[in-house]
Amino acid sequence: MLELIVLSLGLSCVTAVASLILGKARAASKTVACVGGMAAAVAGAAGGIMALFGPAVYVSLPGPMPFTDFTLLLNPLAGLLVAVIAVLAFAAWLYGLSYFDEYYDKGIGVIGFFMNLFIASMDLVILVDNAFWFLVFFELMSLTSYVLVIIDQTEKSLRGGFLYLVMAHIGFLMIALSFFTMAVSAGSLEFMDYRTCAFAPATATIAFVLAFFGFGAKAGMVPFHSWLPQAHPAAPSNVSALMSGGMIKIGIFGMLKVCFDLLGATGGQVGWGVLVIVIGAASSVLGVVYALGEHDLKSLLAYHSVENIGIILLGVGTGIYGWAAGLPWVAGIGLLAGLYHLVNHAMFKGLLFLGAGSVLHATGTRNMEVLGGLARLMPWTAACFLVGSLAISAIPPLNGFVSEWFTYQGLIGAAMEGDLFLRIVFAFAVVALAITGALAVTCFVKAFGVTFLAAPRSQAAADAHESSAPMTAAMVLLTIACVALGLGAVAVTPVVNAIGAFLTLAPELPATAGLELVSLGTASVVSPLILAVLMAVVIGACALVRNAANRRAGFKEDPAPWQCGYEPDLSMEVLASTVGANVRAFMGPLYGIRHAVNRAGQAVARLLERALSSPEDAPVSAAPAAAGAGAEGSSRYERDLRHGIAPAEEAPSALSTSVLSAVASVGRWFSRLESGDFRTYIVYIVGALVFFLALIILVR
Amino acid sequence: MTVIIAVLQAVLLVALAPLVSGIARKIRARMHSRTGASVLQDYYDLAKLWHRCEVREGPSGLVSRAMPAVYLGTMALLAAGLPLIMQACPVPLLGDIITILYLMALPRFLFSLASIDSGAAYPSIGGIRELLVGVLVEPSLMLVLFVMALAVGSTNVGVMAEAVGALSAYPAVAVVVAGVACAMACYIEMGKLPFDLAEAEQEIQEGPLAAYSGPSLAMLKLGVSVKQLVVASLFVAIFLPFGAAASLAPADLLLGLVTYLVKLAAVLLVAAVIENSVMRVRYKLLGRYTWFVVGIASLSLVFLVIGI
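Protein chains in written order, with the working numbering: chain R, 4 to 703; chain A, 219 to 526.
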């Protein structure tokens with residue numbers, strides 16, 4: 004099975020080079036990149052799925068230097084991640100067969116090259132078992148995806164890309180420091196030596212917290228989320244799907260690997276679980292609240308990634324808590340919930356981004372305010388997007404419901420075992436998840452309703468066309484995955500559950516019985532499959548009865564909707580900002596947090612700038628430009644913007660603003676020595692890191 | 219056997235719903251010193267609509283078309299799963315609190331979606347408001363159910379009912395306070411004054427109905443009435459399980475049925491009296507009232523944590 008994944012990696016690399024060489028012959032380059040990528044994905048998916056069931060495979064090849072042994076480890080957790088990314092990659096390439104036609108002028112060969120390398124580097128990050136190579140491939144993953152983010156070369160994408168690059172390196176630095184901390188005690192950069200080393204509790208906590216925030220920056224959790232809604236939407240839509248569905252899961256994978264695997268011999272601490280749960284709860288609520296303020300379909304979806312990472316963290320945090328507190332059932336169901344949601348989110352977020360890409364392809368805009376009425380013109384896209392919306396809103400019996408059900412059961416079960424303080428923490432998490440669930444429903448009613456329903460609000464929307472066959476097929480594939488992961492939960496759950504048991508080295512506790520999913524600690528059951536059958540029967544019966552009555556009495560058509568006596572007018576339709584304004588009326592304080600934090604951040608940034616810059620430098624502010632409605636904004640939207648009803652584009656959060664400013668200042672400070680390009684700065688970080696790592700090894 | 223009870227419950231609630239709304243209207247009329255229409259008026263209305271021609275209006279499409287069936291069907295399914303006549307859940311896999319709350323989200327999702335689909339102003343705003351009522355009420359309801367789950371050791375509503383019925387739910391004060399919070403949350407969810415007048419088309423619950431006509435409107439009106447019964451029954455099932463059958467003996471079941479109907483009538487009577495004694499408040503003030511519910515639900519958590 005490792006051979007299959009190596010084959011997949013090889014195919015990716017060969018395809019990457021081939022597509023670059025063929026760059027001038029655009030159609031050939033695109034076809035080679037996509038078909039090669041699909042072949043690599045099939046091999047990767049097969050290898051990953053086999054690894055789910057097989058024993059772990061460990062291979063080590065000597066490297067040029069003592070600390071660079073090339074070690075690969077394929078265990079069930081790695082297999083799951085590889086399989087998820089392969090399925091997404093397959094859908095993304097299939098979609099690209101037609102979608103990339105738009106990118107002929109933007110260097111299709113380059114896209115094919117970097118996207119293939121991006122997928123290969125994600126697989127390698129998952130597989131390598133050596134800190135040096137892990138960091139190298141982690142960096143490669145960030146750089147290749149950065150190129151894909153800025154491929155449009157618009158001001159927006161460059162800004163988003165820059166922010167992404169900076170945050171990725173902050174994360175990189177923290178991860179490197181975490182590995183460094185462990186390396187000092189373990190005496191090597193081999194993960195195998197970390198695994199067997201019993202660290203002092205303080206060392207373990209430092210390593211875990213650094214890794215948690217470092218990988219959290221990659222995963223886009225609050226407070227490191229601000230890059231995500233700017234970077235992900237800027238990439239081509241199938242790359243957005245791959246980034247939001249796949250890449251941010253590497254962050255979760257990293258946390259799990261450090262906590263359960265590398266620090267496994269040391270054991271966890273209850274506090275780690277609490278930290279993860281609190282950050283997860285904050286991420287889930289703030290992610291969805293900010294998503295509600297968006298009118299750009301892809302930005303909205305990107306904010307939902309912040310939300311869903313939060314939900315995954317709630318499960319993972321419950322798992323860490325249960326593991327540290329010696330409660331095997333809590334640990335098992337927490338990890339089951341987290342990992343199941345990881346798979347689910349990859350599927351429905353991938354689906355939704357592809358759907359958004361089809362809308363963009365058909366209408367040329369992502370601004371929901373000027374869309375509407377697309378369901379008639381693009382029925383397949385609309386149907387797939389609706390299933391994705393229901394799934395991400397955790398509506399039974401789809402897959403999102405299954406994993407959120409386990410998340411709730413884990414949190415409630417853990418609270419039953421916990422003391423006073425923990426009960427309050429878990430109550431907070433449960434309420435946060437409930438708020439998130441209700442807001443997610445609101446947000447996806449808005450996303451689907453405003454985009455696809457009612458009447459078209461612009462000529463572009465009225466002229467929309469259904470996507471081509473490959474694009475539709477890719478969406479249908481992921482739709483089937485969403486439905487199957489929901490209805491087939493009794494088949495999937497034991498596999499995911501076994502990974503949890505594998506991570507905690509505990510005996511596997513049953514989570515299914517017959518056709519039912521069971522939660523032992525809370526004595527409850529649910530069965531998505533039976534639920535689906537019951538819903539189909541009851542709802543179907545209601546529909547049949549109603550239709551029979553309709554047939555007897557007949558229909559009349561009336562083209563104008565009833566406006567309670569007013570003259571019908573397109574401006575009476577609901578817009579995204581209508582929903583946003585209503586939510587803001589009740590959730591104002593949560594948006595207020597962002598403003599307050601931004602102001603504080605800008606103050607800090609100015610301070611840093613003043614401290615670091617010499618007087619002759621012109622002050623450069625990293626404050627963002629005001630939202631540009633530009634050509635794509637409708638007149639009504641522009642009016643709303645003037646009146647302050649429409650949401651302005653988010654300013655980068657405090658953290659990123661201050662960091663951006665600091666980077667700019669440091670860059671200017673260095674400019675007396677060097678060219679002053681921020682890339683130099685990044686080279687410094689990476690170079691210094693490799694130097695220090697080499698130094699440790701040599702000194703020993 | 220229990221499956222028959224489940225089906226019976228669903229049929230009972232759907233059949234009774236128009237009667238209940240008819241009685242509620244009668245009570246309002248009497249409190250306004252009017253004679254009012256017959257308590258059976260809602261049955262007449264539904265029958266009349268059922269034979270009317272349906273108007274497909276505006277830009278609305280398949281979502282609008284499917285919504286009434288989904289709404290009524292889901293509500294009937296929820297009615298089947300609650301422990302109403304007997305203390306245990308007739309169908310255990312429908313009795314988990316998370317399943318119940320998320321199953322309730324499906325009709326809400328499509329209800330609001332259909333309102334946007336109509337392309338008309340009143341229905342759309344009503345649909346959005348319906349969603350926001352959910353956003354404001356659901357967290358409190360979840361917190362209450364969290365407290366109950368910890369008090370009885372299960373997330374299954376049937377287990378909660380049995381524990382409360384046997385007075386073995388611990389700690390008792392927390393359970394009582396949770397009951398108060400749950401009653402308030404359910405009352406808001408039912409769509410009654412002071413926030414909502416469920417019979418006016420400019421209102422939250424009825425607004426989206428403005429786009430419907432004929433048999434679809436009849437089915438949706440029925441669905442909205444059933445929803446009120448389901449929400450009231452959820453409260454009755456968890457916090458007033460007294461008298462519900464503990465075994466499957468026919469005498470017990472009959473007693474359970476009778477006591478359930480009496481309890482439901484009492485709860486609805488109280489709701490109707492409250493509804494008609496308060497004035498209308500602006501929708502924007504809903505947040506203040508729900509904060510009060512959040513406060514009481516949090517209080518029950520505090521009592522739970524300190525164990526009284």
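Backbone N, C-alpha and C fix where the C-beta goes; we use that ideal spot for every residue, glycine too.
- In the three-state reduction of the DSSP assignment, residue 131 of chain R falls in the strand class.
- Residue 259 of chain R and residue 345 of chain R have their C-alpha atoms roughly 12 angstroms apart.
- Look at the beta carbons and you see the segment 481 to 488 of chain R touching the segment 396 to 403 of chain R: at least three pairs across the two are nearer than 8 angstroms.
- Under the three-state reduction of DSSP output, residue 78 of chain R falls in the coil class, being neither helix nor strand.
- For residue 241 of chain R, same chain residues with a beta-carbon under 7 angstroms away, outside a window of 5 residues either side, are 95, 98, 99, 102, 357, 360 in chain order.
- Under the 10 Å beta carbon count, residue 385 of chain A is surrounded by fewer than 16 other beta carbons and is classified as exposed.
- Between the alpha carbons of residue 307 of chain R and residue 294 of chain R lies a distance of about 6 angstroms.
- Residue 11 of chain R and residue 186 of chain R have their alpha carbons spaced roughly 31 angstroms apart.
- Annotation for residue 449 of chain R: the continuous alpha helix (DSSP H) segment containing it runs 423 to 455.
- Look at residue 445 of chain R: its C-beta is under 8 angstroms from a C-beta on chain A.
- Sixteen is the threshold: since fewer than 16 other Cβ atoms of the shown chains lie within 10 Å of the Cβ of residue 488 of chain A, the residue is exposed.
- Taking all protein chains shown into account, residue 199 of chain R has fewer than 16 neighbouring C-beta atoms within 10 Å of its C-beta and is therefore exposed.
- Around the beta carbon of residue 424 of chain A, 16 or more other beta carbons sit within 10 angstroms, so the residue counts as buried.
- With a 10 Å radius around the Cβ and a threshold of 16 neighbouring Cβ atoms, residue 108 of chain R comes out exposed.
- Residue 408 of chain A has a beta carbon lying at 8 angstroms or more from every beta carbon in chain R.
- Under the three-state reduction of DSSP output, residue 499 of chain A falls in the coil class, being neither helix nor strand.
- When DSSP states are grouped into helix, strand and coil, residue 572 of chain R belongs to the coil group.
- Using a 10 angstroms sphere on the CB of residue 343 of chain R, the tally of other CB atoms reaches 16 or more, which defines it as buried.
- Minimum Cα-Cα distance from residue 354 of chain R among the listed residues R:90, R:582, R:56 corresponds to R:90.
- Near chain R, meaning a CB-to-CB distance below 7 angstroms, the residues of the segment 425 to 452 of chain A are 428, 429, 432, 433, 434, 437.
- Not one beta carbon of chain A lies nearer than 8 angstroms to the beta carbon of residue 287 of chain R.
- In this structure the segment 329 to 345 of chain A does not touch the segment 292 to 303 of chain A; the number of beta carbon pairs closer than 8 angstroms is below three.
- Of the residues R:509, R:491, R:78, the one whose Cα lies closest to the Cα of residue 535 of chain R is R:491.
- About 5 angstroms separates the CB atoms of residue 120 of chain R and residue 19 of chain R; that is less than 8 angstroms, so the two are in contact.
- Among the residues of chain A, none has a CB under 7 angstroms from the CB of residue 359 of chain R; the nearest is roughly 18 angstroms distant.
- Scanning its chain for C-beta atoms nearer than 7 angstroms, with the 5 sequence neighbours on each side dropped, one finds around residue 395 of chain A the residues 514, 517, 518, 521, in chain order.
- Interface with chain R (8 angstroms Cβ-Cβ cutoff): residue 403 of chain A is excluded.
- Not a single C-beta of chain R is nearer than 8 angstroms to the C-beta of residue 481 of chain A.
- Look at residue 360 of chain A: its C-beta is under 8 angstroms from a C-beta on chain R.
- Of the other Cβ atoms in all chains shown, fewer than 16 fall within 10 Å of the Cβ of residue 469 of chain A; this residue is therefore exposed.
- At a C-beta separation below 7 angstroms, residue 502 of chain A has these neighbours in chain R: 588.
- Annotation: residue 61 of chain R is outside any alpha helix (DSSP H); the continuous beta strand (DSSP E) that includes it extends over 60 to 64.
- With a 10 Å radius around the Cβ and a threshold of 16 neighbouring Cβ atoms, residue 565 of chain R comes out buried.
- Residue nearest to residue 518 of chain R within the set R:530, R:508, R:525 is R:530 (criterion: CA-CA distance).
- Listed along the chain, the chain A residues whose CB falls inside 9 angstroms of the CB of residue 581 of chain R are 342, 343, 346.
- The Cβ atoms of residue 339 of chain R and residue 496 of chain R sit closer than 8 angstroms to each other.
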